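The structure appears below as structure tokens.
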Amino acid sequence: FGSSHVGTRLLLLKCQAWLYAAEFCVSPFSRCWLLWCVLLALMAAGTKWYAHEYEYCFVEMMALIILVVLALIFETTWHKLRHQTEQSYIYGDLQALIESASHRESAIQPCADVTHLRLRKELVSRAGGEFMTLGFLAFCIFFSHNLGGFEWLVRRCPSSEEWHLPATTADWLSLAETAHMKLFFGMVFYFVLIWRLVEGSIKKIQMWEQVRLRRAMSPRFNAATVLSVNAMDSDLGNHILWRRYFIQQMVRWQSKRPAPFRDLMQLLGIETSAENASESFHRILDKDFCFSEYLALSVESGVRDSIQVHVTTWSGVILLFGSFALLHRFGHISLMALM
Numbered sequence: 059f060g061s062s063h064v065g066t067r068l069l070l071l072k073c074q075a076w077l078y079a080a081e082f083c084v085s086p087f088s089r090c091w092l093l094w095c096v097l098l099a100l101m102a103a104g105t106k107w108y109a110h111e112y113e114y115c116f117v118e119m120m121a122l123i124i125l126v127v128l129a130l131i132f133e134t135t136w137h138k139l140r141h142q143t144e145q146s147y148i149y150g151d152l153q154a155l156i157e158s159a160s161h162r163e164s165a166i167q168p169c170a171d172v173t174h175l176r177l178r179k180e181l182v183s184r185a186g187g188e189f190m191t192l193g194f195l196a197f198c199i200f201f202s203h204n205l206g207g208f209e210w211l212v213r214r215c216p217s218s219e220e221w222h223l224p225a226t227t228a229d230w231l232s233l234a235e236t237a238h239m240k241l242f243f244g245m246v247f248y249f250v251l252i253w254r255l256v257e258g259s260i261k262k263i264q265m266w267e268q269v270r271l272r273r274a275m276s277p278r279f280n281a282a283t284v285l286s287v288n289a290m291d292s293d294l295g296n297h298i299l300w301r302r303y304f305i306q307q308m309v310r311w312q313s314k315r316p317a318p319f320r321d322l323m324q325l326l327g328i329e330t331s332a333e334n335a336s337e338s339f340h341r342i343l344d345k346d347f348c349f350s351e352y353l354a355l356s357v358e359s360g361v362r363d364s365i366q367v368h369v370t371t372w373s374g375v376i377l378l379f380g381s382f383a384l385l386h387r388f389g390h391i392s393l394m395a396l397m
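See below:
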């Protein structure tokens, strides 16, 4: 590749940019046509390390073959993963499995008609979008270099005796690529952590649905039998205790939070002026309230909020990076010193 490594990096970055642009084309023919047009338009970009044009074409075609093969492997793996998440666990699958195995409807009443989330599917879909965004950043770096953006930075941002900046386009290109890779590995590390969170949440949701089914198939529990149930099945016993405590706290809304309590009473068709309103409220909740589904919906909402990184979160990250930049520039403090 000659004496300079700039041509090598540009060649790989160019191929990545082509592959990203090709993703927006609908038909295979339009994708091939786009790649060929970009190939002809940008063939001479970068440092000229070759003596003959066919030498450049040969190396570029070999690089394209390797990257396309890698892209096909990644795309096939990704599509298989997405297909598996389409059939991943969702709250209510265990009851449906019981009904399917017995070839009849279960006597257990279904919970409220709400839509639950397939957390694995949410994670894979979001990860795909983030990786596509990283491809767009590679696309921007490549075209910034080829359109003279880094040369403009060299002219507009020269070094001084007090402050040193990248002196060549190769330095700016290397800096941009390093920052891009840091974002990539940071995103990979983040989604690995979220994957662990998703797997742990799914195990909890499955356990809550299991104890709901075991509770529905068991007789009614009173204060005397809960202790014995807890000794034989700790998950079921704890679930019953949590459920009773939750219902008791909701009954206390009558004095602590009267406005939401009145709304709930109207929703359940109970007259708030009745003498036994609180007892009726407690009895209906104890009979029909699906505590496990409430827990599942709460966890799903929290996990989805962690998966979907919002604009406010990115704004906080930008402010954090800006604070670091001010400390580096005016405080002359390195990142390692801050750690």
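So for the sequence shown, my numbering puts the first residue at 59; every next one is plus one.
All C-beta atoms, glycine included, are put in the ideal place defined by N, C-alpha and C.
All values reported here derive from a predicted model rather than from experimental measurement.
- Taking the C-beta atoms as reference points, T236 is found no nearer than 8 Å to V212.
- E144 and F304 have their alpha carbons spaced roughly 33 Å apart.
- With contact defined as three or more Cβ pairs closer than 8 Å, the segment 252–268 and the segment 354–365 are in contact.
- The straight-line gap separating the alpha-carbon atoms of V369 and F379 is approximately 15 Å.
- With respect to E337, L152 sits apart: the two C-beta atoms are not nearer than 8 Å.
- Counting only residues of its own chain and dropping the five nearest sequence neighbours on each side, H203 has a CB closer than 6 Å to the CB of L231.
- The C-beta distance from R176 to I148 rounds to 5 Å, short enough to meet the 8 Å contact threshold.
- The beta carbons of D293 and M265 sit about 6 Å from each other, so the pair counts as a contact at 8 Å.
- With a beta-carbon spacing of about 10 Å, I328 and F319 fall beyond the 8 Å limit used to define contacts.
- The beta-carbon separation of I263 and V172, rounded to 14 Å, does not stay under the 8 Å limit for a contact.
- By the neighbour-count criterion, in which a residue is buried when 16 or more other Cβ atoms sit within 10 angstroms of its Cβ, L396 is exposed.
- Separation of K179 and S146 (C-alpha to C-alpha, rounded to the nearest whole angstrom) is 8 Å.
- Just measuring C-alpha positions, the residue of E209, S381 and L353 sitting nearest A225 is E209.
- In the structure shown, the three-state DSSP call for R176 is coil.
- Counting the other Cβ atoms within 10 Å of the Cβ of L130 gives fewer than 16, which makes it exposed.
- Note that the C-beta distance between L128 and V182 is not below 8 Å.
- Cβ neighbours of S392 within its own chain (closer than 8 Å, five residues either side excluded): H386.
- Straight-line measurement puts the Cα of M119 at about 15 Å from the Cα of H110.
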